[in-house]
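Undergrad: To convert, count from 1 in the sequence shown and add 5; that's my numbering.
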Amino acid sequence: MSTGCHTGDGTDPAAPPGAPRIALVGAPNSGKTSVFNGLTGLRAKTGNYPGVTVSRFVGTSRTGRHRHVIEDLPGTYGLEPVSPDERITVDVLDGRLEGARRPDALLIVVDATALERSLGFAAQILARELPACVVVTFTDELARRQGRLDTDALAEALGVPVLPVIAHRAVGAARLREQLTTWRTWPVPAVAPPTEPAERDAWAESVLAYAGYRPPERHRITQRVDAVLLHPVWGTAVFFAVMALFFQTVFTLAAPLQDRVEELFAWLSGRVDAHVGNPWLSGFLGDALIGGVGGVLVFVPQIMLLFLLLALLEGVGYMARAAFLMDRVMARFGLEGRAFVALLSSFACAIPGIMATRTLPSARDRLATMMAAPLMTCSARLPVYVLLIGLLVDPSARVGPFGAQGLVMFGLYLLGAVSAMLAAWVFKRLGDRHSRPVPFFMELPPYRLPAPRAVLVAMWSSARAFLRKCSTVIVATSVVLWLLLNLPVHTTGQLRAAGVDTADTTAVSAYTADHSYAAGLGRVVAPVFEPLGFDWRVNVGILSAQAARETFVATLGQVAAAEDPEQPEQALRAMTHSGGDRAGQPVFTAPTVAALLVYFVYALQCMATVAVLRRETGTWRWPATAFAYLTALAWLMAYLARTATGLLGG
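(1) Could you check the C-alpha separation between Met642 and Gly421 for me, to the nearest Å?
(2) Taking Cβ to Cβ, would you say Gln228 is nearer than 9 Å to Gln263?
(3) Gln575: buried (16+ other C-beta within 10 angstroms of its C-beta) or exposed?
(4) Compare the C-alpha of Ser367 against each of Val603, Asp90, Pro220 and name the closest.
(5) Let me know the beta strand (DSSP E) ranges lying completely inside the region 335-375, each 3 residues or longer, listed in chain order.
(6) Nearest to Pro221 by CA position, among Phe605, Phe432, Asp145, is which residue?
(7) Can you tell me the Cα-Cα spacing of Arg67 and Leu294, whole angstroms?
(8) Look at the Cβ atom of Pro388, then the Cβ atom of Val478, and state whether they are nearer than 9 Å.
(9) Using 8 Å as the cut-off, can you tell me whether the region 398-413 makes contact with the region 345-365, which would need three or more C-beta pairs spanning the two stretches below that distance?
(10) Whole beta strand (DSSP E) runs in the region 102-182 with 3 or more residues, listed along the chain?
(11) Let me know if Gln129 comes out buried or exposed under the rule of 16 or more other beta-carbons within 10 Å of its beta-carbon.
(12) Which term fits Gly25, buried or exposed, when burial requires 16 or more other beta carbons within 10 angstroms of its beta carbon?
(13) Based on Cα-Cα distance, which residue from Ala158, Pro457, Pro202, Gly584 lies nearest to Ala214?
(14) Identify, in the order they occur along the chain, each residue of the same chain with its Cβ nearer than 6 Å to the Cβ of Thr382, setting aside the five sequence neighbours on each side.
(15) Given a threshold of 16 other Cβ atoms within 10 Å of its Cβ, counted over all protein chains shown, does Gly56 qualify as buried or as exposed?
(16) Within the chosen definition, does the region 39-46 reach the region 172-187 through at least 3 CB pairs nearer than 8 Å?
(17) Along the chain, where does the alpha helix (DSSP H) that runs through Ile226 open and close?
(18) So what does DSSP say about Thr68, is it helix, strand or coil?
(19) Given that a residue counts as buried once 16 or more other Cβ atoms are within 10 Å of its Cβ, and exposed if not, what is Leu276?
(20) If we count the other Cβ atoms within 10 Å of its Cβ and call it buried at 16 or more, is Pro357 buried or exposed?
(21) Applying the 10 Å Cβ sphere with the 16-neighbour rule, what's the burial state of Gly52?
(22) Near Gly288, what residues of its chain come up, given a Cβ to Cβ distance below 7 Å and the 5 sequence neighbours on each side ignored?
(23) Rounded to whole angstroms, how far is the Cβ of Tyr82 from the Cβ of Ala32, which I believe are closer than 8 Å?
(24) In angstroms, rounded to a whole number, what distance separates the CA positions of Ala639 and Arg333?
(25) Between which residues of its own chain and Ala195 is the CB-CB distance below 7 Å, once the five residues before and five after are set aside?
(26) Just curious, the beta strand (DSSP E) that Ala28 is in, first and last residue?
(27) Report the rounded CA-to-CA distance for Phe244 versus Pro284, giving the unit in angstroms.
(28) Among all the DSSP beta bridges, which residues are the ones paired with Thr581?
(29) So, using beta-carbon positions, are Leu618 and Met375 closer together than 9 Å?
(30) Measure from the alpha carbon of Leu602 to the alpha carbon of each residue in Val543, Thr614, Ala503, then state which is nearest.
(31) Just how far apart, CA to CA, sit Arg434 and Pro379?
(32) From Glu535, Ala608, Ala616, pick the residue whose C-alpha is nearest to that of His582; which is it?
(33) Exposed or buried, His73, counting other C-beta atoms within 10 Å across all chains shown (16 or more means buried)?
(34) Determine the contact status of Ala212 and Leu392, defining contact as a CB-CB distance below 9 Å.
(35) If you scan the region 402-466 from start to end, which runs of the alpha helix (DSSP H) of 4 or more residues do you find wholly inside it?
(36) Give a yes or no on whether the C-beta atoms belonging to Ser384 and Ala347 are separated by under 9 Å.
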C-alpha cells in the first residue's frame with residue numbers, strides 16, 4: 006500500500022525521522038513521474054512531452070511497516086546542468102540543495118524504447134556510488150514495436166537490480182514497492198562505469214549486447230502523422246485548425262451542461278427566497294453566495310472541458326510537435342521552442358508557466374518569458390470571456406461552419422499569445438540586443454494513447470485549483486463585495502423620500518446598490534475608466550478582479566441578482582448608466598464589451614502570479630514592472646478596441 010503527501014515546491018512532507026530518502030532520476034518524458042505517482046498514490050502531473058516536471062515533488066510510500074520518502078527530481082539528459090531545473094537535480098544528488106539531504110538510494114528510470122541514450126545517463130548516476138535500482142519503463146511499447154530486452158541479463162551487466170514497470174497501468178508497481186524495502190542491500194557496481202564519453206559509449210554498447218537488446222522498429226503511425234504535422238505549411242495549418250476546433254468544442258459541448266448548472270443555482274436562489282425570512286440573511290445567501298460564487302461556478306463545465314482537451318493534447322504527444330512548429334516563430338522573437346512550452350503551460354495558469362521557464366538555459370530568455378507569461382490566456386479568464394462574449398455575440402451567429410462565439414474566443418487566445426511573444430521580444434531586446442537564440446533540441450515522443458486515469462487526474466487537479474479558489478478567494482471577495490453593495494443601510498423613510506416603492510424589493514435593492522459604499526468606490530475611480538465606457542459597477546468588478554479575475558463575474562453576478570434575481574443575465578443586458586453624460590444608456594454596448602474583453606487580455610489581475618514572479622526573480626523589481634506595463638497596456642488596448650468597435654458599428 007502507498008500513501009503520500011504532495012509538494013511541488015521542494016519542501017519535505019511529514020515523514021518519520023530517519024525515514025530513508027529515495028530519489029527518482031531519469032531523462033525527461035521517461036515515465037518518471039508516473040512511477041512516482043504509482044509509488045506514492047499522489048497525482049503529480051504527467052504528460053507526453055519533455056519539461057512537465059520543473060521542480061521537486063516529494064511524497065511518502067508505505068509497504069507494511071516500512072516507510073520511504075520518495076523524491077521526483079526534474080528530468081535531465083546528463084549531470085552537466087544547463088538550466089535551473091537540471092541544477093536542482095545535480096544539487097540534490099550532491100547534497101548541496103538547502104533544506105534537503107542527500108538521497109540514501111536512487112531509482113534510475115530508463116525508457117526501454119530509447120535504452121541506448123538512457124544508459125549513458127545511467128552510467129553517470131551509477132558512478133555516484135549510491136545504492137541504486139534501475140526501473141525500465143515502456144517495455145510494453147518495446148514489445149509492440151518488435152523490440153526485445155532481457156531485464157535479468159541487464160541486471161547482471163549493470164550490477165544492480167532491474168525491474169520492468171508499466172507505470173501508467175500500475176504493472177510492476179507492487180513489486181517495486183517491495184523492492185524499496187530492501188534498498189540497504191542494493192549493491193553498488195563492483196566496477197563503476199567509465200566517465201569519459203567515448204568509453205561510456207563503448208560500455209553502453211557492451212551492456213546492450215549482453216542484455217540481448219533489440220531496439221524497437223520506428224513508430225510507423227508517428228512517422229506518417231509527423232509528415233503532415235511537422236510540415237512547415239500543413240503543420241501550421243493543422244495547428245490553427247486544432248486550436249479553432251478546440252474553442253468551438255469548449256462552447257458547443259459545455260453549453261448544455263452550463264444551462265443545467267444555471268438552473269441548479271436558480272432553483273437554490275428560489276429556495277432561499279421561499280424559506281429564509283430574514284432579509285439580510287436571505288440577501289447574503291442569495292446574492293453573495295448564490296449570485297456571486299454561483300455566478301462563477303456555472304462556468305465549471307467550460308473549465309473542466311478546457312482542461313480535459315489540454316490533457317488529451319498533452320497525453321497524445323501533440324504538445325511537443327506544437328513546440329517544434331513554434332520554434333521557427335519563437336526564433337523570430339529571439340526565443341526558442343522551450344519558451345513556447347513554458348508559454349503553453351500558462352494556458353491553465355500563469356504560475357506553472359512561469360515555473361516552467363526553469364527549463365531554459367539562458368537567464369535572459371527566462372526573464373523575457375516570465376514577463377510575457379501573464380499575457381497567455383489562463384483558465385481564470387475563461388469565465389469572464391464566456392460571460393462577455395455571451396453579451397456581445399448571439400449564440401446562433403455563425404461564420405461558415407464555425408460558431409461566431411468560438412471564433413471570438415479563439416481570437417482572444419490568439420491575441421494573448423501574439424502579444425506574449427511580442428512582449429518577450431521587447432524584454433529580450435532590452436536585456437541583450439546582440440544575443441542569438443540557443444539551438445533548440447527537444448525529444449519528439451511517439452504518439453501514445455494517454456491513460457484515462459492520467460487524463461482525468463490532470464483535468465481534475467487543474468479544475469480542483471479553480472474550485473479551491475472559488476471556495477477561498479472568491480468567497481471572501483464576494484462577502485466583502487456584498488457588504489459594500491448593501492451598506493449603508495437606508496431606512497424606510499429615506500427610501501420613501503427618494504421616491505422608492507418600499508414594497509418593491511427589486512427597486513429597494515437597486516437603490517441600495519446605487520447608493521452603496523461600492524458605488525462610491527466605483528465612482529472614485531470613474532475618471533480613469535470613463536474613456537473606456539465603464540459604469541461604476543464595472544469599475545468595482547475591475548478592482549475586485551485584482552485579487553482574482555473570476556471575481557469580476559462574481560461582482561456582476563451579485564449586481565444582477567440584486568436588480569433582477571429571476572433573470573440575472575437579462576438584468577446585465579438591460580443595465581443602464583445611473584448618472585453622468587451616459588445616464589439611461591445601456592452599460593454593455595458592443596464597444597464597452599469589446600473594451601472589457603481586451604482589458605482582460607492584457608491586465609495582470611492575479612496576486613498569486615505576482616508572488617511567483619517575486620520568488621522566481623528574487624526581487625520586487627520585475628513583478629512591479631510586469632504589473633505596471635500590463636496595466637497601462639490593458640488600458641491603452643481597451644481604449645483602441647472601444648474606438649475601433651465604435652467606428653465599425655457606425
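The beta carbon of each residue, even a glycine, is placed where N, CA and C say it ideally should be. A quick note: this is a predicted structure, and the numbers were derived from the prediction, not measured.
TA: Considering the structure as presented:
(1) Residue mapping note: residue 642 aligns to position 637 of the sequence shown, counting from 1. Residue mapping note: residue 421 aligns to position 416 of the sequence shown, counting from 1. Annotation: Met642 to Gly421 spans about 12 Å, alpha carbon to alpha carbon.
(2) Here residue 228 refers to the residue found at position 223 when the sequence shown is read from its first residue. Here residue 263 refers to the residue found at position 258 when the sequence shown is read from its first residue. For Gln228 and Gln263, no; Cβs fall outside 9 Å.
(3) Locating residue 575 in the sequence shown gives position 570, counting from the first residue. It is exposed - the Cβ of Gln575 has fewer than 16 other Cβ atoms within 10 Å.
(4) As a first step, residue 367 must be located in the sequence shown, where it is residue number 362. Of the candidates Val603, Asp90, Pro220, the one whose C-alpha sits nearest the C-alpha of Ser367 is Asp90.
(5) For the region 335-375, not a single whole beta strand (DSSP E) run of length 3 or above is found.
(6) Numbered from its first residue, the sequence shown carries residue 221 at position 216. Selected option, being the one with the closest Cα: Asp145.
(7) Position 62 of the sequence shown, counted from the first residue, corresponds to residue 67. Position 289 of the sequence shown, counted from the first residue, corresponds to residue 294. Rounded to the nearest whole angstrom, the C-alpha separation of Arg67 and Leu294 is 41 Å.
(8) As a working note, residue 388 is residue 383 in the sequence shown. As a working note, residue 478 is residue 473 in the sequence shown. In this structure, Val478 does not lie closer than 9 Å to Pro388 by Cβ.
(9) Here the region 398-413 does not lie against the region 345-365, with fewer than 3 beta-carbon pairs under 8 Å apart.
(10) DSSP runs (the beta strand (DSSP E)) wholly in the region 102-182: 110-116, 137-142, 167-169.
(11) Numbered from its first residue, the sequence shown carries residue 129 at position 124. Buried is the call here.
(12) Numbered from its first residue, the sequence shown carries residue 25 at position 20. The identity of residue 25 in the sequence shown is Pro, whereas the question assumes Gly. Counting Cβ neighbours within 10 Å, Pro25 comes out buried, since at least 16 surround it.
(13) Along the sequence shown, one-based indexing puts residue 214 at 209. It is Ala158.
(14) Residue 382 sits at position 377 when you count from the first residue of the sequence shown. Result list for Thr382: Tyr418, Gly421, in chain order.
(15) As a first step, residue 56 must be located in the sequence shown, where it is residue number 51. Bear in mind that a pLDDT of 49 at Gly56, under 50, signals an unreliable position, so the number given afterwards is only what the model happens to contain. Within 10 angstroms of the beta-carbon of Gly56 lie 16 or more other beta-carbons, which makes it buried.
(16) Yes, the region 39-46 is in contact with the region 172-187.
(17) Within the sequence shown, the letter at position 221 stands for residue 226. Here the alpha helix (DSSP H) through Ile226 covers 225-234.
(18) Counted from its first residue, the sequence shown places residue 68 at position 63. The answer is strand: DSSP assigns Thr68 an E or B state.
(19) Sequence index remark: in the sequence shown, residue 276 carries index 271 (1-based). Per the sequence shown, the amino acid found at residue 276 is Arg instead of Leu. Residue environment analysis places Arg276 among the exposed positions, since fewer than 16 neighbouring C-beta atoms fall within 10 angstroms of its C-beta.
(20) Residue 357 sits at position 352 when you count from the first residue of the sequence shown. Only buried fits Pro357, as 16 or more other CB atoms lie within 10 angstroms of its CB.
(21) Within the sequence shown, numbered from 1, the residue matching residue 52 stands at position 47. Any reading at Gly52 needs caution, since the residue's pLDDT is 48, under 50, leaving its predicted position unreliable; the model's value is listed next. By the 10 Å Cβ count, Gly52 comes out buried.
(22) Position 283 of the sequence shown, counted from the start, is the residue given in the question as residue 288. Excluding positions up to five away in sequence, the list reads Asn491.
(23) Working through the sequence shown from its first residue, we reach residue 82 at position 77. Working through the sequence shown from its first residue, we reach residue 32 at position 27. That pair is a contact at about 5 Å.
(24) Reading the sequence shown from its first residue, position 634 is the one you call residue 639. Reading the sequence shown from its first residue, position 328 is the one you call residue 333. Approximately 28 Å between the Cα atoms of the pair.
(25) Counting from 1 along the sequence shown, the entry for residue 195 is found at position 190. Same-chain partners within the cutoff: Gly164.
(26) The count along the sequence shown starts at 1 and reaches residue 28 at position 23. In the DSSP annotation of this structure, the continuous segment of the beta strand (DSSP E) that includes Ala28 starts and ends at 26-31.
(27) What you label residue 244 is simply residue 239 of the sequence shown in a count that begins at 1. What you label residue 284 is simply residue 279 of the sequence shown in a count that begins at 1. Straight across, the Cα-Cα distance linking Phe244 with Pro284 is about 54 Å.
(28) Taking the first residue of the sequence shown as 1, we reach residue 581 at position 576. In the DSSP output, where bridge partners are listed per residue, Thr581 has Pro591.
(29) Translated into the one-based positions of the sequence shown, residue 618 becomes position 613. Translated into the one-based positions of the sequence shown, residue 375 becomes position 370. Yes, Cβ-Cβ distance for Leu618 and Met375 is below 9 Å.
(30) Taking the sequence shown and counting its residues from 1, one reaches residue 602 at position 597. Of Val543, Thr614, Ala503, the residue nearest in Cα terms is Val543.
(31) Stepping through the sequence shown from its first residue, residue 434 is reached at position 429. Stepping through the sequence shown from its first residue, residue 379 is reached at position 374. Looking at the two C-alpha atoms, the distance is approximately 19 Å.
(32) Translated into the one-based positions of the sequence shown, residue 582 becomes position 577. Cα-wise, what sits closest to His582 is Glu535.
(33) Stepping through the sequence shown from its first residue, residue 73 is reached at position 68. Buried.
(34) Locating residue 212 in the sequence shown gives position 207, where the first residue counts as 1. Locating residue 392 in the sequence shown gives position 387, where the first residue counts as 1. Here residue 212 is Val; the residue named in the question, Ala, does not match the sequence. No, these two residues do not count as a Cβ contact at 9 Å.
(35) As far as the region 402-466 is concerned, its whole alpha helix (DSSP H) runs of at least 4 residues are 409-436.
(36) Residue 384 sits at position 379 when you count from the first residue of the sequence shown. Residue 347 sits at position 342 when you count from the first residue of the sequence shown. No; because the gap between Cβ atoms is not below 9 Å, this pair is not in contact.
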